[in-house]
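In full-length UniProt numbering, the protein residues as written are 1 to 106.
Data first, discussion second: the structure below is written as structure tokens.
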Amino acid sequence: VNITLGAEDELKYAVALVRPVSIAFEVIKGFKQYKSGVYSSTECGNTPMDVNHAVLAVGYGVENGVPYWLIKNSWGADWGDDGYFKMEMGKNMCGIATCASYPVVA
Numbered sequence: 001v002n003i004t005l006g007a008e009d010e011l012k013y014a015v016a017l018v019r020p021v022s023i024a025f026e027v028i029k030g031f032k033q034y035k036s037g038v039y040s041s042t043e044c045g046n047t048p049m050d051v052n053h054a055v056l057a058v059g060y061g062v063e064n065g066v067p068y069w070l071i072k073n074s075w076g077a078d079w080g081d082d083g084y085f086k087m088e089m090g091k092n093m094c095g096i097a098t099c100a101s102y103p104v105v106a
């Protein structure tokens, strides 16, 4: 099932009920140094042509008043926060809701 381009409300619903959801976003210079906190950037794009890395959305929450997506990366447990990162929610940050989908298991 493809989630409507940029529809974070649909993505949130899918993460809550289906989990995990396959997503893609744009990795920009500096992202590889992420360690903790909620990631946000004014430099990344959010169109289908911008996204360049696939990951899994596994949850969401709020940290210090900032809503975020909890995302499992593919770079191993030594990267980020034990292999996970938090991406700011509500702005289609770095295209997080641009190319999202999940399978239907019959």
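For each residue, glycine too, the CB sits at the ideal point set by N, CA and C.
Remember, it's a predicted structure, so these values are computed and weren't measured experimentally.
When the five nearest sequence neighbours on each side are left out, the beta carbons in the same chain lying within less than 7 Å of the beta carbon of Gly-76 are those of Gly-83, in order along the chain.
Note that the C-beta distance between Thr-47 and Gly-90 is not below 8 Å. Beta-bridge partners assigned by DSSP to Glu-63: Val-66.
Under the 10 Å beta carbon count, Gly-37 is surrounded by fewer than 16 other beta carbons and is classified as exposed.
The residue from Met-93, Cys-99, Ala-54 and Ala-106 with its alpha-carbon nearest to that of Gly-45 is Met-93. The three-state secondary structure of Tyr-13, taken from DSSP, is helix.
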